[in-house]
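Notes to accompany the following structure.
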Amino acid sequence: MKYKNLHPWDVDPNQAIQIQKQLRDQLILQKTQETYRRIAGADVSYDKGSDILYAAVVVLELPSLQIIEEASAVGRSTFPYIPGLLVFREAPILLKAFEKIRQEPDVIMFDGQGIAHPRGIGIASQMGLWLDKPSIGCAKSKLFGDYREADLGAKAGSYTPLTYRGKIIGAVVRTRDNVSPVFVSAGHKIDLATSIELVLKSCQGYRIPEPTRQAHNLVNKIRVEGDKSKAPGGTQMDLFG
DNA sequence: GCGACAG
DNA sequence: ATCTTGTCGC
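Per this note's numbering, numbering through the first sequence is continuous, rising by one, with the last residue being 246.
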């Protein structure tokens, strides 16, 4: 999978904010496709105190949710985690993983915000722009916006709008009965209704929809394998050293 | 000044 | 994100 030239490497936070403000207006916030047969999920993981990042991309078939392709990448972090600038930390390694994908997805789900972001361009939106693909933000917690807990039903499938200054920027979506909701927002080349629909259609009894859940599983798998090769015989050293 | 703050 | 034990529920 090929992406646009803009490189998120070696930028400083001030420059990053300018890039986001500039890219913001290029977002397309409408449904650009009627059917979605392949959905991808992407995620990044790392060890505490380490600057090695692991990324995974999993492509699933819709509506079966069967995995048809997986790809991963490992790299060194070049940017710290700063709320609002997550994409500059995770994009380089994510793009490396996306390069290996051969089954082009119709839409990509990211573990983070879409336009529900201080500058209207979270990781899902910016990655969608760079990859030139429809994208959805599905985060486990809120970064930006307001909503009322009382307006959200307890059953799976219910949702309530996430707003900012009266404008709807996303939705708080219950994916399981009586379980904390996820925060969904349009990324790029898609609308909120379709984003919510795809998130709900992608759930398999877990709080996290399959695309990002499977990507999370894979990224943790390769991270653990990476640890093993880095510290062989670690268990015995702990016992006798 | 104070609270909030994706992963 | 990661570090962690027990615990509540289907």
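Note that beta-carbon positions come from the ideal geometry of N, C-alpha and C, so glycine has one too.
What are the boundary residues of the alpha helix (DSSP H) that residue i is part of?
i           : result
residue 149 : First-last for residue 149: undefined, no H or E at that position.
residue 47  : Taken as a continuous stretch (DSSP letters only), residue 47 belongs to no alpha helix (DSSP H), being part of the beta strand (DSSP E) at 43 to 51.
residue 202 : 197 to 206
residue 21  : 18 to 29
Mark residue i as exposed unless 16 or more other C-beta atoms lie within 10 angstroms of its C-beta, in which case mark it buried.
i           : result
residue 102 : buried
residue 31  : exposed
residue 211 : exposed
residue 194 : buried
residue 228 : buried
residue 18  : exposed
residue 245 : Model confidence at residue 245 stands at a pLDDT of 29, short of 50, so the residue's coordinates are unreliable; what they give is reported in the following sentence. Residue 245 should be labelled exposed.
residue 207 : buried
residue 184 : exposed
residue 156 : exposed
residue 54  : exposed
residue 201 : buried
Quick one, are the C-beta atoms of residue i and residue j less than 8 Å apart?
i           : j           : result
residue 196 : residue 168 : no
residue 220 : residue 141 : no
residue 118 : residue 28  : no
residue 61  : residue 223 : yes
Since residue i is in the beta strand (DSSP E), which residue starts that stretch and which ends it?
i           : result
residue 177 : 172 to 178
residue 165 : 164 to 169
residue 277 : Since the displayed the chain opens at 6 and closes at 246, residue 277 lies outside it and no answer follows.
If residue i sits next to residue j, beta carbons under 8 Å apart, how far is it from one beta carbon to the other, in whole angstroms?
i           : j           : result
residue 21  : residue 93  : 5 Å
residue 217 : residue 46  : 4 Å
residue 170 : residue 26  : Contact flag wrong, Cβ pair sits at about 18 Å.
residue 143 : residue 187 : 5 Å
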